[in-house]
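The numbering used here applies: residue 687 is where the sequence shown begins, and numbers increase by one. C-beta: ideal position from N, C-alpha, C; glycine also.
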Amino acid sequence: SPAQAAGAARDKGRRTMGEEIRALDGEEILAGLAGLAHWRLEAGCLVRDYRSGGWKATLMVAGVVGHLAEAAWHHPEMELSWDRVRVRLSTHSPRGITARDLALARKIEEVVQWQPASEGGALEGTPNADERFRYIRYD
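Here it is as structure tokens:
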């Protein structure tokens, strides 16, 4: 039926219930962190602190992380304060860090650290030199 075909197309590429997700070993985690300079291993999680220019920017960063996590169907823990967002990634089952955590960390890093002005294109980016408009405290 058309409804079954649509459902099959929608579910194509999704993990099935019996599919195993493997926790990475220490060497694999360190290799994955090599491209994520500001992420660290802490208490069995990948952890990153993003510094913002204030509460509004903190909420925007949290929204970006939330959107990416929902799109990836892989949800981190987040702590928010006035000028900081702490992101913690791990996988509940199999209780460890997986390739999913590293992939989501890379995507979060790419989007949050994007600086349009450095690309020289049509987008000028936030005027971070002026404290009134500072958004992210880029690394």
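Self-check item: Residue interval of the beta strand (DSSP E) (run including R772)
Solution: For the purposes of this step, residue 772 is taken as the residue at position 86 of the sequence shown. Element bounds for R772: 770-775.
Quiz prompt | Backbone CA spacing between A692 and G739 [nearest angstrom] | solution = Residue numbering aside, residue 692 sits at position 6 when the sequence shown is read from its first letter. Residue numbering aside, residue 739 sits at position 53 when the sequence shown is read from its first letter. Low per-residue confidence applies at A692: pLDDT is 49, beneath 50, and the placement is therefore not dependable, though the value from the model is reported in the following sentence. Cα to Cα, A692 sits roughly 45 Å from G739.
Self-check item: Whether A791 touches L766 by CB criterion (8 Å)
Solution: Translated into the one-based positions of the sequence shown, residue 791 becomes position 105. Translated into the one-based positions of the sequence shown, residue 766 becomes position 80. No, the pair does not count as a contact, with Cβ atoms beyond the cut-off.
Quiz item: Near A709, which residues of its chain fall below 8 Å by C-beta distance, leaving aside the five closest residues on each side in sequence?
Solution: Position 23 of the sequence shown, counting from 1, holds the residue named residue 709. Only T777, P780, R781, G782, I783, T784 meet the Cβ criterion.
Exercise. Leaving out five residues on either side along the sequence, give the residues of the same chain with a beta carbon under 6 Å from the beta carbon of L788.
Key: Here the question's residue 788 lines up with position 102 in the sequence shown. Excluding sequence neighbours, L788 sits near G718.
Practice problem: Taking all protein chains shown into account, decide if D697 is buried (16 or more other Cβ within 10 angstroms of its Cβ) or exposed. | Solution: By one-based count along the sequence shown, residue 697 stands at place 11. Interpretation of D697 is limited by its pLDDT of 46, a score under 50 that renders its predicted location unreliable; the figure taken from the coordinates is listed afterwards. It is exposed - the Cβ of D697 has fewer than 16 other Cβ atoms within 10 Å.
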